[in-house]
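Q: Residue numbers for the sequence shown follow my numbering, so the first one is 12 and each next one is one higher.
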Amino acid sequence: MAIRYQVRSPARLGDPSDFYRAHIFVCTNERPENHPRGSCARKGAEKLRNYMKARAKELGMGLEDGVRVNNAGCLERCELGPTIVIYPEGIWYRADSFADIDEILETHVKNGGRVERLLLRPEDGPDHSEKKK
12 MAIRYQVRSP ARLGDPSDFY RAHIFVCTNE RPENHPRGSC ARKGAEKLRN YMKARAKELG
72 MGLEDGVRVN NAGCLERCEL GPTIVIYPEG IWYRADSFAD IDEILETHVK NGGRVERLLL
132 RPEDGPDHSE KKK
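(1) Skipping 5 residues on each side, what residues in its chain have a beta carbon closer than 7 Å to that of residue 131?
(2) Entirely within the region 59-112 and at least 3 residues each: give me those beta strand (DSSP E) ranges in chain order.
(3) Can you check which of these residues, 36, 86, 112 and 69, is closest to residue 133 by C-alpha distance?
(4) Excluding five sequence neighbours on each side, which residues of the same chain lie with their C-beta closer than 7 Å to the C-beta of residue 111?
(5) Using 10 angstroms around the beta-carbon of residue 153, count the other beta-carbons present and answer buried if the total reaches 16, otherwise exposed.
(6) Using CA coordinates, which residue listed in 39, 45 and 61 is at the minimum distance from residue 51?
(7) Can you tell me whether residue 120 is helix, strand or coil according to DSSP?
(8) Starting from the C-beta of residue 54, find all residues in its chain whose C-beta is less than 7 Å away, skip the five residues before and the five after it, and write them out in chain order.
(9) Do residue 96 and residue 31 have their C-beta atoms within less than 8 Å of each other?
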């Protein structure tokens, strides 16, 4: 049985403040067509990222409000994607539609909640803990 470690250190007195209230990464990794793991890009991730960035700004959650939406390279969950991770909490989501993006922005970014139906957990997807030695 694989053991998964949570590598999240608590903030310490004297640490610099966060650059952003919410830093959102959307995987836009592209693999070849028919790759067994799929790719977020081929599932519409770029379109979703562009929508999320514009919609966040419309809702008053732009850079000036401490929210940044970025492209990300492979987040190692393309088979479940498009995948999104939001920091500083390190919460992972999958999103398939603009409605999913709206729900993540409203529930998580604006109100500090979680969109339970879209959450990705460490046990979701392939087990990357069994590496070749």
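Note that CB positions come from ideal geometry on N, CA and C, so glycine has one too.
A: Taking the coordinates as given:
(1) Numbered from its first residue, the sequence shown carries residue 131 at position 120. Excluding positions up to five away in sequence, the list reads 88, 91, 94, 103, 104 and 105.
(2) Listed in chain order, they are 78-83, 94-98 and 102-105.
(3) On the sequence shown, residue 133 is found 122 positions in, with the first residue counted as 1. Selected option, being the one with the closest Cα: 86.
(4) Mapped onto the sequence shown, residue 111 falls at position 100. Around residue 111: 129.
(5) Since the displayed the chain opens at 12 and closes at 144, residue 153 lies outside it and no answer follows.
(6) Indexing the sequence shown from 1 puts residue 51 at position 40. Closest by alpha carbon: 39.
(7) Numbered from 1 along the sequence shown, position 109 holds the residue referred to as residue 120. In the structure shown, residue 120 falls within a helical segment according to DSSP collapsed to helix, strand and coil.
(8) The count along the sequence shown starts at 1 and reaches residue 54 at position 43. Counting only Cβ-Cβ distances below 7 Å, and skipping sequence neighbours, we find 92 and 93.
(9) On the sequence shown, residue 96 is found 85 positions in, with the first residue counted as 1. On the sequence shown, residue 31 is found 20 positions in, with the first residue counted as 1. At least 8 Å separates the beta-carbon of residue 96 from that of residue 31.
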